[in-house]
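In the working numbering, the protein residues as written are 14 to 355. Every residue, glycine too, gets a C-beta built ideally from N, C-alpha and C. Data block below; observations after.
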């Protein structure tokens, strides 16, 4: 059986990574005996491991034992699904990537479950699955995804797995990934379609004071720019090899990005999605800087995503970890599934 104090100790230990008994007692306002009992239980289960001993003070006393949450105790899957392919990562409990893979396949309602199931079958040991998709997501249901041609689609209901699944829109997964280091984030997610003469997908992930912002109707960050980047039907991978003038497209979208960035005034603005593959993408940063009101007076970083990193997949995994170690329901699941009380 898991007690309230044990849930608090597990959550605190995971968030802080390394702790001492005194740190726990002082921070959580728990009796030393309660802390000692919970630490002993988690040590027996290898959830907490001893990593150091601190010498006593000059006044004497016992050595202080330093414990670390065992990051390798279990794994999480983060899966990013876009129209032109799937990227996924397997992480440890500190969201450090231990495996990643890209699958080049065109994804739609017809094959999305088959492709996701194939990934899960390769990694059946994971304790949670995060899925990033383009579109509007509410309560794990894809309300609408134009890119994937999905409407009121529940991945949970059609997947044949007992592993908990957490679905989130791609722009918020990108923002969540950066929330490990920043508390106020604007993440611009651009999804250039399989054929570049189709409208570019656009979404904004918003994190305020460390928490994802969804809006009153769960539509925060949703906007349709209704513009393609090129007017001829060619594959995006072929487009990248062409010398195309994209300045007019960049100039138009930078105006919208500038308004949003100026109004929200975040610590960091991130340009993400496959638009970052375009060789001239640095031009977009310059244009955006010119559109942000009084940018010289703001402490605002503008970052172009490194496309070698599986950002949305990693953000999807972090969403799972945040849920598991912050919500009672999932702390109980973690203890029951992984710790398995005697």
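- When C-beta atoms of the segment 168-176 are compared with those of the segment 135-150, three or more pairs fall below 8 Å, so the two segments count as touching.
- Buried is the label assigned to residue 103, since at least 16 other Cβ atoms lie within 10 Å of its Cβ.
- A residue is called buried when at least 16 other Cβ atoms come within 10 angstroms of its Cβ; residue 95 meets this threshold and is buried.
- Listed in chain order, the non-local C-beta contacts of residue 334 below 7 Å within the same chain comprise 89, 106 and 108, local neighbours out to five positions each way being set aside.
- For residue 349, the number of other beta carbons within 10 angstroms of its own is below 16, and it is reported as exposed.
- With respect to residue 195, residue 281 sits close: the two C-beta atoms are nearer than 8 Å.
- Within the same chain, 18 and 37 come within 7 Å of residue 43 by CB-CB distance, once the 5 residues on both sides are set aside.
- A straight line joining the alpha-carbon of residue 338 with that of residue 244 spans about 47 Å.
- Following the DSSP letters along the chain, one finds residue 106 in no beta strand (DSSP E), marked with neither H nor E.
- Boundaries of the alpha helix (DSSP H) harbouring residue 335: 324-337, taken from the DSSP string.
- Residue 216 places its beta carbon less than 8 Å from that of residue 183.
- Your pair residue 189 and residue 150 does not check out as a contact, with CB atoms roughly 13 Å apart and the cut at 8 Å.
- Less than 8 Å divides the Cβ of residue 93 from the Cβ of residue 186.
- Restricted to the segment 171-227, the beta strand (DSSP E) segments that are unbroken, complete and at least 3 residues in length are 178-182, 198-204 and 214-221, listed in chain order.
- It is roughly 16 Å from the alpha-carbon of residue 205 to the alpha-carbon of residue 324.
- According to DSSP, residue 31 shares a beta bridge with 81.
- Judged by their CB atoms, residue 86 and residue 48 are not nearer to each other than the 8 Å cut-off.
- Contact between the segment 313-327 and the segment 116-131 is absent: fewer than 3 CB-CB pairs across the two stretches fall below 8 Å.
- Going by beta carbons, residue 207 and residue 97 fall inside the 8 Å limit.
- Here residue 75 carries a coil assignment [DSSP, helix/strand/coil].
- When the beta-carbon positions are compared, residue 330 and residue 91 come within less than 8 Å of each other.
- Of the other Cβ atoms in all chains shown, fewer than 16 fall within 10 Å of the Cβ of residue 239; this residue is therefore exposed.
- As far as DSSP is concerned, residue 86 takes part in no beta bridge.
- Contact between residue 199 and residue 274 is confirmed by a C-beta separation of about 6 Å, below the 8 Å threshold.
- Residue range 260-277 is occupied by the alpha helix (DSSP H) that includes residue 268.
- Annotation: residue 352 is outside any beta strand (DSSP E) and is labelled neither H nor E by DSSP.
- Take residue 297, set aside five residues on each side of it, and the residues of its chain with a beta-carbon closer than 7 Å to its own are 263, 267 and 284, in chain order.
- The Cβ atoms of residue 214 and residue 147 lie closer than 8 Å to each other.
- Straight-line spacing of the CA atoms in residue 236 and residue 253 works out to 25 Å.
- Counting the other CB atoms within 10 Å of its CB gives residue 20 a total of 16 or more, which places it among the buried residues.
- A Cβ-Cβ contact shorter than 8 Å links residue 168 with residue 178.
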